[in-house]
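>
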């Protein structure tokens with residue numbers, strides 16, 4: 058079984074068929090879909106994601122998103138989890154223009170602990186001029202993991218060369234996903250294959266993700282192919298492709 062732990066579907070682009078076809082072509086059974094992080098206060102795609110889950114319950118798993126500056130953030134998170142049945146939270150600090158160490162983030166993290174849901178946090182590059190990469194440094198996750206050892210924190214767009222693997226080794230509550238770490242990078246850095254193998258030694262906290270969306274469903278296949286080709290134990294592949302995310306989301 059293959060579960061893509063990091064994808065997006067934007068409301069208003071209704072070509073869900075292309076998204077599902079990309080999953081089928083790549084052999085992806087289910088996808089965790091996050092809404093586009095709300096930049097404007099009071100704007101949420103959470104209900105839309107919940108509707109997609111209802112329409113495709115055997116293919117799509119939904120996450121919520123909120124803005125820490127929104128006075129109704131906790132209410133929206135409660136609605137997403139309790140009313141809509143969403144299984145995690147996606148935050149995008151550089152696009153939403155906040156630091157993960159902002160005091161307003163704390164109550165949201167505590168609520169996620171109470172709900173026992175993971176928090177997927179964007180780290181690394183962003184390409185829109187208005188986005189602030191000072192807020193996309195994954196070192197913030199280190200501090201957050203110390204403050205909230207019961208929180209389940211996922212570093213999106215993690216890299217094997219840098220501090221991300223160190224944080225997985227250091228913190229039992231930190232996970233990493235493979236978005237932006239596979240197809241293109243493997244062609245530029247052949248040695249990356251061996252670095253990814255080193256990641257697998259912590260194979261209980263690494264998640265397959267492609268960052269696919271309606272406009273780029275080809276990413277399912279392009280990101281999955283090099284990981285399938287890696288010379289690693291089948292048990293590690295099972296954890297990477299589905300076992301870890303199933304455990305994280307209590308799907309077993």
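Residue numbers (my numbering): 58 to 309.
Even for Gly, the Cβ is constructed at its ideal location relative to N, Cα and C.
Under a Cβ-count criterion, where at least 16 other Cβ atoms within 10 Å of its own Cβ denotes burial, should residue 122 be classed as buried or exposed?
Buried.
> Kindly list the residues whose CB is nearer than 8 Å to the CB of residue 190, restricted to its own chain and excluding five residues on each side of it in sequence; keep chain order.
Answer for residue 190: 151, 182 and 183, listed in chain order.
> Ignoring anything shorter than 3 residues or poking outside the segment 157-197, list the beta strand (DSSP E) runs there in chain order.
Segments of the beta strand (DSSP E) lying fully in the segment 157-197: 176-179.
> Could you tell me the distance, in whole angstroms, from the CA atom of residue 109 to the CA atom of residue 124?
Residue 109 and residue 124: Cα-Cα distance of roughly 21 Å.
> Considering only C-alpha positions, which residue in the set 82, 204, 229 and 165 is nearest to residue 145?
Residue 145 has its Cα closest to that of 165, out of 82, 204, 229 and 165.
> Between the Cα of residue 167 and those of 195, 188 and 130, spot the shortest distance and give me the residue it belongs to.
Answer by Cα proximity: 130.
> Is residue 141 helix, strand or coil when you go by DSSP?
Here residue 141 sits in coil by DSSP.
> Would you kindly check if the distance between the Cβ of residue 198 and the Cβ of residue 231 is under 8 Å?
Yes, Cβ-Cβ distance for residue 231 and residue 198 is below 8 Å.
> Just list the beta strand (DSSP E) runs in the segment 66-119, keeping only unbroken ones of 3 residues or longer that don't cross its boundaries, in chain order.
Fully enclosed beta strand (DSSP E) runs of 3 or longer: 87-91 and 117-119.
> Going by Cα to Cα distance, which pick from 138, 63, 214 and 280 is closest to residue 117?
Closest option to residue 117, Cα to Cα, is 63.
> Considering Cα atoms alone, identify which of 303, 127, 261 and 202 is closest to residue 290.
Here the closest residue by C-alpha is 261.
> Return the chain-ordered list of same chain residues with a C-beta closer than 6 Å to the C-beta of residue 67, the five sequence neighbours on each side being excluded.
Result list for residue 67: 93, in chain order.
> Whose CA, out of 236, 204 and 210, lies closest to the CA of residue 216?
For residue 216, the nearest C-alpha among the options comes from 236.
> Does the beta-carbon distance from residue 87 to residue 106 come in below 8 Å?
No, Cβ-Cβ distance for residue 87 and residue 106 is not below 8 Å.
> Quick one: give me the first and last residue of the alpha helix (DSSP H) that residue 215 is part of.
Counting along the chain, residue 215 falls outside any alpha helix (DSSP H), and DSSP gives it neither H nor E.
> Tell me the DSSP secondary structure of residue 264 in three-state form.
Here residue 264 sits in strand by DSSP.
> Would you report the Cα separation of residue 268 and residue 277, rounded to the nearest angstrom?
Computed Cα separation, rounded: 8 Å.
> Taking residue 179 and residue 149 to be in contact with their CB atoms under 8 Å, please state how far apart those CB atoms are, rounded to whole angstroms.
About 4 Å; that satisfies the 8 Å criterion.
> With DSSP collapsed to three states, give me the class of residue 122.
Looking at residue 122 - three-state DSSP - the assignment turns out to be strand.
> Is residue 212 closer than 8 Å to residue 195 when the C-beta atoms are compared?
Cβ atoms of residue 195 and residue 212: closer than 8 Å.
> Name the DSSP bridge partner or partners of residue 147?
Looking at the DSSP assignment, residue 147 forms a beta bridge with 122 and 177.
> Using three-state DSSP, classify residue 233 as helix, strand or coil.
If DSSP states are grouped into helix, strand and coil, residue 233 belongs with the strands.
> Between residue 280 and residue 115, what straight-line distance do the alpha-carbon atoms span, to the nearest angstrom?
The alpha-carbon atoms of residue 280 and residue 115 are separated by roughly 22 Å.
> Which stretch, first to last residue, makes up the alpha helix (DSSP H) that contains residue 283?
Note, residue 283: alpha helix (DSSP H), 276-285.
> Run the CB neighbour count on residue 272, radius 10 Å, all protein chains shown included, and call it buried at 16 or more, exposed below.
So residue 272 counts as exposed.
> Taking the beta carbon of residue 91 as the centre, do at least 16 other beta carbons fall within 10 Å, making it buried, or is it exposed?
The residue in question, residue 91, is buried, as its Cβ has 16 or more Cβ neighbours within 10 Å.
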